[in-house]
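Protein sequence lines correspond, in order, to chains L, A, U and D. Numbering of the first sequence is given in our numbering, commencing with residue 1 and proceeding in unit increments. Numbering of the second sequence is given in our numbering, commencing with residue 451 and proceeding in unit increments. Numbering of the third sequence is given in our numbering, commencing with residue 901 and proceeding in unit increments. Numbering of the fourth sequence is given in our numbering, commencing with residue 1351 and proceeding in unit increments. Backbone N, C-alpha and C fix where the C-beta goes; we use that ideal spot for every residue, glycine too. Report on one structure; see the data block that follows.
Number of protein chains: 4
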Amino acid sequence: MSLFDDLFYSRAVREIFSDGNRLLRMLDFEVALAKAEAECGVVPATAAIAIAAVSKTFTPDIRAIARAAAQAGNPALPLIQQLTVAVKERDTAAARYVHWGATSQDVIDTGTVLQARQAFDWMEVELRSMCAELATFADRHRETIMPGRTWLQHALPITLGWKAAEWLDAMLRHKVRLREVRERALALQFGGAAGTLAAFGNEGRAVLEKLARELGLAQPDIAWHTSRDRVSEIATGLGLITGTLGKIAKDISLLMQTEIAEAFEAAGAGRGTSSTMPQKRNPVLCSVILAAAARVPALVATALSSMVQEHERGLGNWQSEWETLPEIFNLTAGALVRARELVAGLEVDRERMRANLDLTPGLIMAEAVSMALASRVGKNSAHEIVQRACRVAVEEKKHLREILQEDTETGKLIDNAELDRLFDPSAYLGVTQKSIDRVLDRAAAEEEEF
Amino acid sequence: MSLFDDLFYSRAVREIFSDGNRLLRMLDFEVALAKAEAECGVVPATAAIAIAAVSKTFTPDIRAIARAAAQAGNPALPLIQQLTVAVKERDTAAARYVHWGATSQDVIDTGTVLQARQAFDWMEVELRSMCAELATFADRHRETIMPGRTWLQHALPITLGWKAAEWLDAMLRHKVRLREVRERALALQFGGAAGTLAAFGNEGRAVLEKLARELGLAQPDIAWHTSRDRVSEIATGLGLITGTLGKIAKDISLLMQTEIAEAFEAAGAGRGTSSTMPQKRNPVLCSVILAAAARVPALVATALSSMVQEHERGLGNWQSEWETLPEIFNLTAGALVRARELVAGLEVDRERMRANLDLTPGLIMAEAVSMALASRVGKNSAHEIVQRACRVAVEEKKHLREILQEDTETGKLIDNAELDRLFDPSAYLGVTQKSIDRVLDRAAAEEEEF
Amino acid sequence: MSLFDDLFYSRAVREIFSDGNRLLRMLDFEVALAKAEAECGVVPATAAIAIAAVSKTFTPDIRAIARAAAQAGNPALPLIQQLTVAVKERDTAAARYVHWGATSQDVIDTGTVLQARQAFDWMEVELRSMCAELATFADRHRETIMPGRTWLQHALPITLGWKAAEWLDAMLRHKVRLREVRERALALQFGGAAGTLAAFGNEGRAVLEKLARELGLAQPDIAWHTSRDRVSEIATGLGLITGTLGKIAKDISLLMQTEIAEAFEAAGAGRGTSSTMPQKRNPVLCSVILAAAARVPALVATALSSMVQEHERGLGNWQSEWETLPEIFNLTAGALVRARELVAGLEVDRERMRANLDLTPGLIMAEAVSMALASRVGKNSAHEIVQRACRVAVEEKKHLREILQEDTETGKLIDNAELDRLFDPSAYLGVTQKSIDRVLDRAAAEEEEF
Amino acid sequence: MSLFDDLFYSRAVREIFSDGNRLLRMLDFEVALAKAEAECGVVPATAAIAIAAVSKTFTPDIRAIARAAAQAGNPALPLIQQLTVAVKERDTAAARYVHWGATSQDVIDTGTVLQARQAFDWMEVELRSMCAELATFADRHRETIMPGRTWLQHALPITLGWKAAEWLDAMLRHKVRLREVRERALALQFGGAAGTLAAFGNEGRAVLEKLARELGLAQPDIAWHTSRDRVSEIATGLGLITGTLGKIAKDISLLMQTEIAEAFEAAGAGRGTSSTMPQKRNPVLCSVILAAAARVPALVATALSSMVQEHERGLGNWQSEWETLPEIFNLTAGALVRARELVAGLEVDRERMRANLDLTPGLIMAEAVSMALASRVGKNSAHEIVQRACRVAVEEKKHLREILQEDTETGKLIDNAELDRLFDPSAYLGVTQKSIDRVLDRAAAEEEEF
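As structure tokens, then:
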């Protein structure tokens, strides 16, 4: 339990990466190992039964493990020692077969992989919910016209649904990526002292295969004690997701600005109120997502630079993964949950969006006019005419349409009816609807595939 | 040309990411755009012909573009202006259709994608060569016994070929990843001012599709001006590769240490000599690869944190990609070329490897003994017995075999014949050969697929 | 010359970190070394004279050095070889004394330190100009009232000068920091092959001291071939500066938003215009500064993680500094120049600022009212009363003052005259003026000190 | 309590950055605030007394705060609400003055600064101990000859004490840096809602000064809500320290390699033993320090990139500091404690060092010979002669001295007596002793200053 558990994180994923669950997943390895070894005749069947039975009720003494880990250099050794003592109480003979032939890294890495699988399971559900939420939102607001903004300046009209469809488009790619990452990453680690499974004589591969099957993990062709691309790819995959979530939160926080006021986080009881300013509604969800997007990239860099591991076991760089990977999972999960909540509860002020479009009196339609003129006088001349008219409009605080109408030159080129059409933002939305459709169709198709 | 071009980089990839090639690829976009627009009846066919013809011989004034970019905020505008002037000289009417309906980001992003494609083409060839080199090396040294090392300490015997097979195993995954990344990343960027292709009326999608086909790029469902996962995924994919290359270089540089002296970079003329110490042979190739592995992760972090781009065009973060992505490509390419050269030319001292195995008199076979004993007295007792014997061996500077032989307790448990076998490293290699076979088979299978 | 030289960088600093200047500064080392050695009787005086004379006119063949560096692992060796050949042509005897007793790292590191000194000289001038610009700006706008914004929401009134004073406050600390960093960083590197100056017998320290004096650098107590804190501290110092510059650019880019429109980058000829939208004025300077602020932090991480250098010469990590440090200098310098230009040319719309204050009808003065009420009914009750009133104001689209006036409860507590005062933003500015004065006084005092 | 508390961290510093202590330091702010306000007549003296009295025994409900923080966006608001309730129970009137005029960021930032002060206090003591330990070690081993290594190859003889003096030299600079950082960083944060202290009318500065004095913190000239250079400088200062500690651990871990075996971590009970290999003694302390050195740089990058905070309160980037800064402190503290333990307990094998010097038969003295020859035949010729001799020595597995002796050319230039001297490593140590003296003198002088 930490002060920031409910603010920055998902309780479910925090639980997956808790000390307790870490040790449980390591025990899963030990139990499955004994079972696989028993099936291969490497250890007595009774030993495997005893180890499994004891593990079910065995509660590790975390405090003692933490203390001993400082000596051992990792928590595996003390956990195994505690387990061995517990097994001994039940079956002395069985105790000698705990962790048989495996090395600390086997149980630590495989434990992490099992935690990662739980987190992936959670995350896939969340990703699908997020995509569903975005799809609904994009469809609902497919015709909600608002200013498109480049360089933080009004550019051309867009629709809010189209904006959301661009978010969704990226999230759909993340779903695919995560599946690819998952498939590669969820592999058993099992090599013994130096990765060769030497302690098993001729039985090494057989035990490995049974063990992997028992745990539902992929069978690696070779040990990957110091080939960390599997681990680091998890980090990069999550880093990419967090980047997109940060982009969504950034957009919404900008829309929530007092002067823009086009969209708002749902006001929960007490959500986002200020300790001093009673009128405020703060983008709390956005701040959490943006904090994650600010923190994860550096953690990914750690995961990547830690790949340079020495010989058959890393020195410092392997250890640097132990808290970094969970942190990346936790921050990504926290951001994902909040992003879904953010989109699901978003309050949209369509009128304000429409009003903001008119803030620059007609200037947002300048390109429309410019393109219409260009087909007559060339792009450069058209650009210059319109730019001049815009400048006049700004200086004289008049509507661009008025300036153009009064201008004898453009007056000759474009009549009133055409000007009406050119200054209608809903008539200048290009492929907006087609793009939304394409993304929604893809979302639906992918969802069916699942 | 920079002082470090031949040391850190691949000239071929430097050329791909040169200013000149960047502008050429941007011109590719402009030519294809005009052609696609002409086919859709958006611009006159003569305009497209003129633009294509002029582009063939047109040489941009880089210095002038650089100067103008400081005003425009990007190099696209000044390039287009220069091109327009050049087209005007040939065909005044055509000039007005240069860059018709597109925005700076369309041409900059698509230009980058086209550069990336060239770099991917290069990299795939290099990756395949690297894998082939590693496969040959792994096979050649499949029985070259050497100490496996964990925590930088002797652990158990391994073979050099097995070590290389673990490197190869990771590189094979990188080949698969790069294909996945490539497929997602090589997409056309085309959206016009705000991404909606509004300037094209009903023709937007048709132009987009023709343009993508013309350039051989994927057709995006929606503009991705501020959905940067495609770009950042290139960065992460390359980051993962560099991590593995760094691991290989780290291992080899450690093997080259004076005291270990098991492997050496090929001595080229002048390669790795010292300005003051005539006897030295420095791991120059390793240093270059390790420098890349030290630099790329942070650049990937920049690519990830830059994903949080505002609304319909990023402000600062988009711009931060322009040099970061090429730098990642350049460093990865440099490391890859050198890694292949490193493996291809590696000189291996098998005798020294064998001699190093005996450095700790018998201790490297301690696990073998321990496992043999464990089946009789339990793992913990066995561990203690052997640990004690090791301590005595170290203190009395005797061979572990001798200590065990003299020990009445173990003497009773293990006879001389078994001790002979237990102290033969080549008899304690576990799944080494099977693992090598599996990796080599996968390498061969994947190569056929291509 | 690169496409981005004028956009992202300062030409002056790019020149300092050019290949040409790098080699010149390395030659400075060689000339000073020979001179110091001659003074100590280590080499003949004629040799020092010849080396100095030749170096004056000697032009290194950069292309050849680049090619040879790929073999040697660094550019020092080939440079020295070229220099030796050149000296030989003039004085065969002298040629044997080029680089006498020094190692490649001595000349590379000291060369970098000499480049850094040039860059520091440049940067101090620029920092002072930036501070002067900010001081002028803060003073000019000390009473320009505008909305203070927290969480991107209106909070309380501030003044633009006060906002700038907070920027200045940080920049003044950077001036101090840079002086501290400079003092520590500008130290001679000189240790010979392993750092012990063994080749000089008893003369090592004497040569070192003379050499340091000759170059105007600090005399290190001990070689720092692998103690890279000096180098990395430069990186962190510059990273901190870039962070503040990014903050300034972020604020201004937000103020430039179409809906806020309170401040604008100076419109230069062609600066910030769009290729498609004639009405736009893009924050080009901001984008460049923000791009630097997005890129530098990761480069600093590289500088920090590269500190873990092996024994008496780093392997890969030392090499990773060679381009990273110049890049950090270049990006920081580019951002600094543009930030000064940004502040110097900033166009401020005071009326718009005043108008924006009234956007939320009176809500921005809610705290003022709340505090006034609190002294009567307690903070919590006051907060609740005002929060309720705010909600009504928002819902009924009335001015908060009106709501409060109509409310019988608050009507009893606060009379009209007090309400007038409470809703005057210029009466609710607290320590604004005092804070500005304090910062400006410090700026003036520090400037005198120089 | 976490599984890694004793392995990676310092319990003392973990305690400083615990949730409990965080809240206590925030309470310190609230108590001091009320006191300062009472002294300035802003709140009744009785209120200050009540708040102080209640705070002494008040125990925050962390779980409830954590839950409420998810709504409020930070833990300050719920803490203040709990405190207010507690004060109300004692003195209803006083309750309304809790947190009077302050904003959440004031108490959060100042709380963090108070935690940082505790951590700095701890760290200064530790840094001094580390320096003392290194000084003792450097002195003890000032004549312990060993191979100097560049590029991981033997270069020239050095002494272990000299190597440690280079480590110490850097640590002494860190002591100075940390004092500079501390002085700038330990400043009060106090500005109210937007930083202007508007709620205090004319009393703002007076309250600020009293409050700063009460807490023993520096009085800032202006609020620094979004000027985060103070915070980020802490991060960079600690990052630099961790870099040096990593360098020390890297060196020692390399010396511990089986083949080198020159130095060893002290063998504690169970420290560094392997779960499978009884003969091993793993560099556990080194691994922990190296893990910190692998993780901290990226966290520093987060601290730097988070400086780009919006307007008067950051959105996401401020929040990203909350766990990042403590993490940097914790990792640095953990590494520092272990580095001192590492140096204090280091077991050195002088004989092995001496023996390793002779591993390359005489080659390590090649430079000595080369320099001696150079004064006769020029540096280049000398270099070539010796390089040739080295090659022969390596190929024929003879001692370099022998080769040179047999060579008629060199035989004429150097007689036997000189060869004896040239092959005595203790006669080729240059400024080693002088450098050690200079560093130790500086260490002693600085220690007295304290």
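Could you give the DSSP three-state label for residue i: helix, strand or coil?
i: Leu610 (chain A); result: helix
i: Arg313 (chain L); result: strand
i: Val1804 (chain D); result: A query on residue 1804 (chain D) cannot be resolved here, the shown segment of chain D reaching from 1351 to 1800 and no further.
i: Ala699 (chain A); result: helix
i: Gln1755 (chain D); result: helix
i: Val1658 (chain D); result: coil
Could you spell out the range, first to last residue, of the beta strand (DSSP E) harbouring residue i?
i: Arg599 (chain A); result: Ile595 to Thr600
Would you say residue i reaches chain A, if we count a Cβ-Cβ gap shorter than 8 Å as a contact?
i: Glu1159 (chain U); result: no
i: Pro44 (chain L); result: no
Would the beta-carbon of residue i fall within 8 Å of that of residue j?
i: Ala1070 (chain U); j: Ala1651 (chain D); result: no
i: Gly523 (chain A); j: Val431 (chain L); result: no
i: Ala303 (chain L); j: Glu321 (chain L); result: yes
i: Thr244 (chain L); j: His174 (chain L); result: yes
i: Ile1412 (chain D); j: Asp1369 (chain D); result: yes
i: Phe29 (chain L); j: Val107 (chain L); result: yes
For residue i, would you say it is in contact with chain D, using Cβ-to-Cβ distances shorter than 8 Å as the test?
i: Trp706 (chain A); result: Correcting the residue identity first, residue 706 (chain A) is Met in this sequence and not Trp. Yes, contact with chain D.
i: Gln639 (chain A); result: no
i: Ala301 (chain L); result: yes
So the alpha helix (DSSP H) residue i belongs to, where does it begin and stop?
i: Phe458 (chain A); result: Asp455 to Phe458
i: Pro326 (chain L); result: Asn317 to Gly345
i: Lys829 (chain A); result: Lys829 to Glu846
i: Glu1159 (chain U); result: Run containing Glu1159 (chain U): none; DSSP gives neither H nor E here.
i: Asp1787 (chain D); result: Thr1782 to Glu1799
i: Cys940 (chain U); result: No alpha helix (DSSP H) holds Cys940 (chain U); DSSP gives it neither H nor E.
i: Gln521 (chain A); result: Ile512 to Ala522
i: Leu1257 (chain U); result: Arg1250 to Leu1257
Looking at the C-beta of residue i, does it have a partner C-beta in chain L at a distance below 8 Å?
i: Val881 (chain A); result: yes
i: Phe917 (chain U); result: no
i: Pro1261 (chain U); result: no
i: Ile778 (chain A); result: no
For chain U, check one thing: does any of its Cβ atoms lie closer than 8 Å to the Cβ of residue i?
i: Leu1769 (chain D); result: no
i: Pro525 (chain A); result: yes
i: Leu564 (chain A); result: no
Task: Residue ranges of each alpha helix (DSSP H) within the segment 155 to 214 of chain L, 4 or longer - done: 160 to 185
TODO: Quick one: which unbroken alpha helix (DSSP H) runs of 4-plus residues sit fully inside the segment 989 to 1035 of chain U? Chain order, please.
DONE: 992 to 995
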